[in-house]
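Under numbering that gives the first Met the number 0, think of the first position of the sequence shown as 0, with each following residue one higher. Backbone N, C-alpha and C define an ideal beta-carbon position, used for all residues, glycine too. The structure presented is a predicted model; accordingly, all values stated were derived computationally and were not measured. Working notes, beginning with the structure itself.
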Amino acid sequence: MIKLPRSLTFKLIVAFLGVSLASIALVAILSWFAATSEFSRFVGQQAQDDFIVFVTDYYGENTSLHGIDQAIRLRVDKSFNDPLDRPRFFPFALATPDGVVVNPNEGYHLDDQVPDTLLATGTKILKDGQVIGIVLPRPPPFPRNRAQEQFVERTLDTLLISAGGAALLAIILGVVLARTITRPVQDLTNAAQRMAKGELGQTVRVQSSDEVGDLANAFNQMSADLQHADQVRRQMTADIAHELRNPLTVIGGYLDAMRTGDLQPTPKRLDAVYDEIQHLEGIVEDLRTLSLAEAGALVLNRQEVSPRELLQSVRSRFAPQAAQKNIALTVEADAGLPKLNVDDTRLTQVLDNLVSNALHHTPEGGAVTLAAQARENTIVLQVRDTGEGIAPEDLPRVFERFYRGDKARPTDEGSSGLGLAIASAIVNAHGGKIWVESELGKGAAFFVELPLTN
């Protein structure tokens with residue numbers, strides 16, 4: 000059994016051809032019936048007019064219709080040897096005004112008396128205003144002579160040729176149109192198959208502004224996002240390896256030296272090993288927290304928290320560090336601000352990271368401000384400093400994992416490079432948003448907007 004192709008192109012071609020050929024066939028059939036019907040009506044009317052002219056002439060020569068049936072046949076026989084060429088007016092029956100048939104046909108015999116009801120439906124023949132006869136009605140179709148039959152045949156041939164030409168054109172247009180429609184889809188398929196083989200960054204040309212064009216745009220955006228995600232994944236893997244390598248190297252170096260006897264296991268050296276282990280545990284815990292937050296599995300123990308008290312608590316913890324660098328650490332928040340329904344431990348983790356960053360990048364004699372203000376259905380917390388600011392090219396990436404810009408990530412010892420990424424994930428888990436505004440040399444301001452309703 001022949002197995003037909005199942006491609007979209009083939010299906011579209013079949014659909015186009017099915018609709019086109021059905022339409023062409025319908026138009027051809029209707030045109031044929033309309034043409035033949037109209038031509039038959041025309042032939043019948045012309046035959047009747049010729050018949051009336053003949054009867055009128057005969058009556059003018061003989062002053063009666065007596066013997067007209069013989070005159071009709073005699074004229075036809077003498078003028079046309081081939082019966083197919085004869086005029087077709089002889090099928091009409093003719094009656095006198097009083098209803099006596101003087102020219103018979105297949106429906107009436109000679110000298111039949113036509114009922115008045117049928118006589119009233121006939122066509123009256125007038126001469127000098129006087130009714131000289133009545134042509135009795137004959138149902139179509141009217142017989143056609145050879146020339147008329149040839150005309151009908153030529154009409155049919157023309158319709159068939161036109162239908163065939165239209166069908167051929169429909170096939171060509173169907174193939175072209177189907178391929179035009181499916182070419183972008185095929186391009187998308189090829190690009191997707193290449194991406195499945197690991198060739199990321201594939202793009203397709205957007206050739207239209209319709210649904211297919213929207214699909215191409217969506218594919219290009221998806222491809223770009225996948226390539227970016229892959230780059231981030233590779234960079235994150237390299238960063239994790241780098242973050243883990245340093246403490247592992249320190250731990251391995253100390254233990255190896257102690258094992259070989261080059262170093263003695265003094266409390267100071269054991270404390271250094273312990274600190275590196277704590278650093279490793281911090282990295283692992285940060286990665287776990289970030290993974291839970293991004294997966295939507297981070298448990299939040301929500302409770303009512305005053306924004307002002309929250310900021311003052313953070314200030315109290317960092318006040319000694321700020322004092323050591325002669326940095327003014329202040330809080331700007333009204334006591335009457337609406338309370339937030341949040342996990343205060345997680346939110347404190349966010350603010351601690353922001354304040355730690357701000358203090359790290361603010362020079363001696365600078366200022367770090369913790370502020371809170373109410374907006375419509377939200378509270379906006381702010382941590383701003385008078386440090387060196389963030390470069391414009393770093394601003395879009397400050398919340399990426401392990402990204403380190405001049406301001407985006409602290410570079411002090413013990414940092415995992417995940418602080419702002421975790422902060423962003425925790426804020427998102429609360430249904431809020433976090434962003435940064437900065438200019439080089441003018442400090443930076445981090446904003447945390449949280450909804451007032453749970």
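Q: Given a cut-off of 9 Å, decide if A370 and L358 are closer than it, judged by their beta-carbon atoms.
A: Translated into the one-based positions of the sequence shown, residue 358 becomes position 359. Translated into the one-based positions of the sequence shown, residue 370 becomes position 371. No.
Q.
Among the candidates N300, A366 and V175, whose CA atom is the shortest distance from the CA of Q323?
A. Residue 323 sits at position 324 when you count from the first residue of the sequence shown. Closest option to Q323, Cα to Cα, is A366.
Q | Outcome for G413 when other beta-carbon atoms lying within 10 angstroms are tallied against a minimum of 16 | A | As a working mapping, residue 413 is identified with position 414 in the sequence shown. Confidence at G413 is low in this model, with a pLDDT of 49, below 50, so the placement of that residue is unreliable and no value is reported for it.
Q: Tell me whether V397 sits in a helix, a strand or coil according to DSSP, three-state version.
A: Looking up residue 397 in the sequence shown gives position 398. Coil.
Q | Cα-Cα separation, N216 to V184 | A | Position 217 of the sequence shown holds residue 216. Position 185 of the sequence shown holds residue 184. N216 and V184: Cα-Cα distance of roughly 12 Å.
Q. What do you get for G173, buried or exposed, if any count of 16 or more other CB atoms within 10 angstroms of its CB means buried?
A. Here the question's residue 173 lines up with position 174 in the sequence shown. Label assigned to G173: buried.
Q) Can you check whether the CB of G442 is closer than 9 Å to the CB of G364? A) The residue labelled residue 364 in the question sits at position 365 within the sequence shown. The residue labelled residue 442 in the question sits at position 443 within the sequence shown. Contact: no.
Q. For I389, which three-state DSSP category applies?
A. For the purposes of this step, residue 389 is taken as the residue at position 390 of the sequence shown. It is coil, neither helix nor strand.
Q) So I421 is in the alpha helix (DSSP H); what residue range does that whole segment cover? A) Working through the sequence shown from its first residue, we reach residue 421 at position 422. Note, I421: alpha helix (DSSP H), G418 to A428.
Q: Might you give, ordered along the chain, the residues of its own chain that have their beta carbon closer than 8 Å to the beta carbon of P409, omitting 5 neighbours on each side?
A: Here residue 409 refers to the residue found at position 410 when the sequence shown is read from its first residue. Only weak support is given to the placement of P409: the predicted model assigns it a pLDDT of 44, under 50, and the value that follows is read from those uncertain coordinates. The residues are S355, N356, H359, H360 and G418.
**Q.** For S437, the residue or residues it bridges with in DSSP
**A.** Translated into the one-based positions of the sequence shown, residue 437 becomes position 438. Its beta-bridge partners are A443.
Q. Would you report the Cα separation of L64 and L29, rounded to the nearest angstrom?
A. In the sequence shown, counting from the first residue as 1, residue 64 sits at position 65. In the sequence shown, counting from the first residue as 1, residue 29 sits at position 30. About 43 Å.
(Q) Considering only their Cβ atoms, is the gap separating I378 from L350 smaller than 9 Å? (A) Position 351 of the sequence shown holds residue 350. Position 379 of the sequence shown holds residue 378. Their beta carbons are not under 9 Å apart, which means L350 does not touch I378 by this criterion.
Q | T329 beta carbon less than 9 Å from that of R314 | A | In the sequence shown, residue 314 corresponds to position 315, counting from 1. In the sequence shown, residue 329 corresponds to position 330, counting from 1. Result yes, Cβ atoms of R314 and T329 sit closer than 9 Å.
Q) Can you tell me whether DSSP reads V26 as helix, strand or coil? A) Working through the sequence shown from its first residue, we reach residue 26 at position 27. Here V26 sits in helix by DSSP.
Q) To which residues of the same chain is L117 closer than 8 Å at the C-beta, ignoring the five residues directly before and after it? A) On the sequence shown, residue 117 is found 118 positions in, with the first residue counted as 1. Taken in chain order, the residues that qualify are L135 and P136.
Q: List the DSSP bridge partners of N340.
A: Taking the first residue of the sequence shown as position 1, residue 340 is located at position 341. Beta-bridge pairing links N340 to E303.
(Q) Please report the distance separating the alpha-carbon of L199 from that of V231. (A) As a first step, residue 199 must be located in the sequence shown, where it is residue number 200. As a first step, residue 231 must be located in the sequence shown, where it is residue number 232. C-alpha separation (whole angstroms): 13 Å.
Q) Are there 16 or more other CB atoms within 10 angstroms of the CB of N61, so buried, or fewer, so exposed? A) For the purposes of this step, residue 61 is taken as residue 62 along the sequence shown, with counting starting at 1. With fewer than 16 other Cβ atoms within 10 Å, it is exposed.
Q: Assuming L299 contacts A428 (C-beta within less than 8 Å), just tell me the rounded distance between them.
A: Position 300 of the sequence shown, counted from the first residue, corresponds to residue 299. Position 429 of the sequence shown, counted from the first residue, corresponds to residue 428. The pair is a contact, with the Cβ atoms about 6 Å apart (cut-off 8 Å).
**Q.** Cβ contact check for the region 27-42 and the region 150-165: 3 or more pairs under 8 Å
**A.** yes
Q. Going by alpha carbons, who is nearest to N102 out of V130, K126 and I71?
A. Counted from its first residue, the sequence shown places residue 102 at position 103. Of the candidates V130, K126 and I71, the one whose C-alpha sits nearest the C-alpha of N102 is I71.
Q) Just checking my contact of Q201 with A190 at CB under 8 Å: how many whole Å lie between their CB atoms? A) For this step, residue 201 is matched to residue 202 along the sequence shown. For this step, residue 190 is matched to residue 191 along the sequence shown. That pair is a contact at about 4 Å.
Q | Cα-Cα separation, I133 to L93 | A | Your numbering for residue 133 matches position 134 in the sequence shown. Your numbering for residue 93 matches position 94 in the sequence shown. Rounded to whole angstroms, I133 to L93 spans 6 Å at the Cα level.
Q.
Residues in the same chain with beta-carbon distance under 8 Å from L254, minus the five sequence neighbours each way, listed in chain order, please.
A. On the sequence shown, residue 254 is found 255 positions in, with the first residue counted as 1. Here the set comprises V272.
Q) So, using beta-carbon positions, are R345 and L394 closer together than 9 Å? A) Along the sequence shown, read from residue 1 onward, the residue named residue 345 stands at position 346. Along the sequence shown, read from residue 1 onward, the residue named residue 394 stands at position 395. It is not a contact, given that the beta carbons lie outside the stated cut-off.
Q | Helix, strand or coil at E412 [DSSP, three-state] | A | Mapped onto the sequence shown, residue 412 falls at position 413. At E412 the pLDDT is 46, less than 50, meaning the model places this residue with poor confidence and gives no usable figure here.
Q. Can you tell me whether DSSP reads N102 as helix, strand or coil?
A. Along the sequence shown, read from residue 1 onward, the residue named residue 102 stands at position 103. Note: N102 maps to strand in three-state DSSP.
Q) When DSSP labels each residue in this structure, what does P90 get in the three-state scheme? A) Within the sequence shown, the letter at position 91 stands for residue 90. It is coil, neither helix nor strand.
Q: Would you grab the beta carbon distance between L158 and A46 for me? Rounded to a whole angstrom, and I think it's under 8 Å.
A: If you number the sequence shown from 1, residue 158 lands on position 159. If you number the sequence shown from 1, residue 46 lands on position 47. Actually they are not in contact, since the Cβ atoms of L158 and A46 sit about 25 Å apart, beyond 8 Å.
Q | Where the alpha helix (DSSP H) through L243 begins and ends | A | What you label residue 243 is simply residue 244 of the sequence shown in a count that begins at 1. That run of the alpha helix (DSSP H) goes E210 to T259.
Q | Helix, strand or coil at P183 [DSSP, three-state] | A | Here residue 183 refers to the residue found at position 184 when the sequence shown is read from its first residue. Residue state, collapsed to three classes: helix.
(Q) Please return the same chain residues whose Cβ sits closer than 8 Å to the Cβ of D229, not counting the five positions on each side in sequence. (A) Numbered from 1 along the sequence shown, position 230 holds the residue referred to as residue 229. Taken in chain order, the residues that qualify are L199.
Q.
Quick check on A407: does DSSP put it in helix, strand or coil?
A. For the purposes of this step, residue 407 is taken as the residue at position 408 of the sequence shown. With a pLDDT of only 43 at A407, under the threshold of 50, the placement of this residue in the model should not be trusted; the figure read from the coordinates follows. Coil.
(Q) Between the alpha carbons of L434 and P246, how many angstroms are there, rounded? (A) On the sequence shown, position 435 is the one that residue 434 refers to. On the sequence shown, position 247 is the one that residue 246 refers to. The sequence shown places Trp at residue 434, rather than the Leu named in the question. Near 32 Å, if we compare the C-alpha coordinates of P246 and W434.
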